[in-house]
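Student: This is the structure I want to talk about, given as structure tokens.
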Amino acid sequence: MDSLPISRAWFFNLLFVVVAFCTLFLHLLPFKPAQTGGAAPDLMLCITYAWVLRRPDYAPVFLLAVVFLTMDLFFMRPPGLQTALIILGAEFLRNRAQVNHELPFLIEWLLVASVMVGVMLGGRFILFLVGSDLPSLSLTLQHLAGTVLLYPVVVILSTRLLGVRKPSPGDLDARGQRA
Numbered sequence: 007m008d009s010l011p012i013s014r015a016w017f018f019n020l021l022f023v024v025v026a027f028c029t030l031f032l033h034l035l036p037f038k039p040a041q042t043g044g045a046a047p048d049l050m051l052c053i054t055y056a057w058v059l060r061r062p063d064y065a066p067v068f069l070l071a072v073v074f075l076t077m078d079l080f081f082m083r084p085p086g087l088q089t090a091l092i093i094l095g096a097e098f099l100r101n102r103a104q105v106n107h108e109l110p111f112l113i114e115w116l117l118v119a120s121v122m123v124g125v126m127l128g129g130r131f132i133l134f135l136v137g138s139d140l141p142s143l144s145l146t147l148q149h150l151a152g153t154v155l156l157y158p159v160v161v162i163l164s165t166r167l168l169g170v171r172k173p174s175p176g177d178l179d180a181r182g183q184r185a
């Protein structure tokens with residue numbers, strides 16, 4: 007019975023990687039942006055932030071680093087920039103997970119949306135500082151709006167279908183400690 011929280015955490019770690027590579031595969035399919043309607047929302051960012059706020063042990067930092075660095079390389083983004091910003095946002099949310107446990111969902115959604123805006127602005131600012139080409143602002147805003155609007159759907163699917171809920175006071179985390 008002691009191995010149950012550890013095996014559940016490993017299952018969700020593996021599920022996170024599988025979803026990441028399925029998302030990566032779908033993004034790499036040869037569709038033109040005009041056919042898909044522009045910038046698609048970032049499903050992995052939504053899953054990351056939803057899981058970090060509900061069960062931080064399901065999305066450990068090393069796993070986030072590997073997954074998002076791989077995505078940076080495949081999407082030909084500056085290696086590590088988006089990864090670092092997403093991890094900073096995830097760690098900010100992870101540190102606030104206990105406080106957010108009692109907050110209503112609307113406040114959580116606004117907090118996550120503000121972190122997503124910070125990641126987007128931070129990335130654009132750093133690219134501007136180094137003199138790199140910036141993606142179109144309209145596509146970036148469309149991507150951000152889609153990602154923010156996708157977040158509640160991801161939360162509902164994660165909690166209802168997968169059971170990724172905020173821990174109750176008696177639950178144990180992957181290390182066997184109280185959550």
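Quick note on our numbering: the sequence shown kicks off at 7 and runs consecutively.
Don't be surprised by glycine CBs; every beta carbon is placed ideally from N, CA and C.
Measuring only the C-alpha atoms, how far is I6 from L109?
Tutor: Because the chain in this structure spans residues 7 to 185, residue 6 falls outside the shown range and cannot be described.
Student: Would you call the CB atoms of T153 and R130 closer than 9 Å?
Tutor: Working through the sequence shown from its first residue, we reach residue 153 at position 147. Working through the sequence shown from its first residue, we reach residue 130 at position 124. Contact: no.
Student: Any chance the stretch 67-82 sits against the stretch 24-32, with 3 or more Cβ pairs inside 8 Å?
Tutor: yes
Student: Using 8 Å as the cut-off, can you tell me whether the stretch 133-145 makes contact with the stretch 97-116, which would need three or more C-beta pairs spanning the two stretches below that distance?
Tutor: no
Student: Measure how close the beta-carbons of L87 and I132 come, nearest whole angstrom, since I'm counting them as under 8 Å.
Tutor: Residue mapping note: residue 87 aligns to position 81 of the sequence shown, counting from 1. Residue mapping note: residue 132 aligns to position 126 of the sequence shown, counting from 1. At roughly 6 Å, the Cβ-Cβ gap stays under 8 Å, so L87 and I132 are in contact.
Student: Whole angstroms are fine: how far does the CA of A45 sit from the CA of F17?
Tutor: Mapped onto the sequence shown, residue 17 falls at position 11. Mapped onto the sequence shown, residue 45 falls at position 39. When only Cα atoms are considered, F17 and A45 end up about 31 Å apart.
Student: Residues in its own chain within less than 8 Å of L99 by CB, not counting five upstream and five downstream?
Tutor: Counted from its first residue, the sequence shown places residue 99 at position 93. Y55, V58, L59, N106, L117, V118 and V121.
Student: State the Cα-Cα distance for the pair F134 and L127, rounded to the nearest angstrom.
Tutor: Here residue 134 corresponds to residue number 128 of the sequence shown, with the count starting at 1. Here residue 127 corresponds to residue number 121 of the sequence shown, with the count starting at 1. Approximately 10 Å between the Cα atoms of the pair.
Student: Just how far apart, CA to CA, sit V161 and V136?
Tutor: On the sequence shown, residue 161 is found 155 positions in, with the first residue counted as 1. On the sequence shown, residue 136 is found 130 positions in, with the first residue counted as 1. So the alpha carbons of these two residues sit roughly 36 Å apart.
Student: Determine the closest residue to Q104 out of F81, S144 and P62, with distance taken between C-alpha atoms.
Tutor: What you label residue 104 is simply residue 98 of the sequence shown in a count that begins at 1. If we check each option's Cα against that of Q104, P62 comes out closest.
Student: So is P85 buried or exposed if we call it buried at 16+ other beta carbons inside 10 Å?
Tutor: Sequence index remark: in the sequence shown, residue 85 carries index 79 (1-based). Under this definition P85 is an exposed residue.
Student: For the putative contact between V123 and L150, defined by C-beta atoms under 8 Å, what is the C-beta separation to the nearest angstrom?
Tutor: One-based indexing of the sequence shown puts residue 123 at position 117. One-based indexing of the sequence shown puts residue 150 at position 144. V123 to L150, Cβ: 7 Å. Contact.
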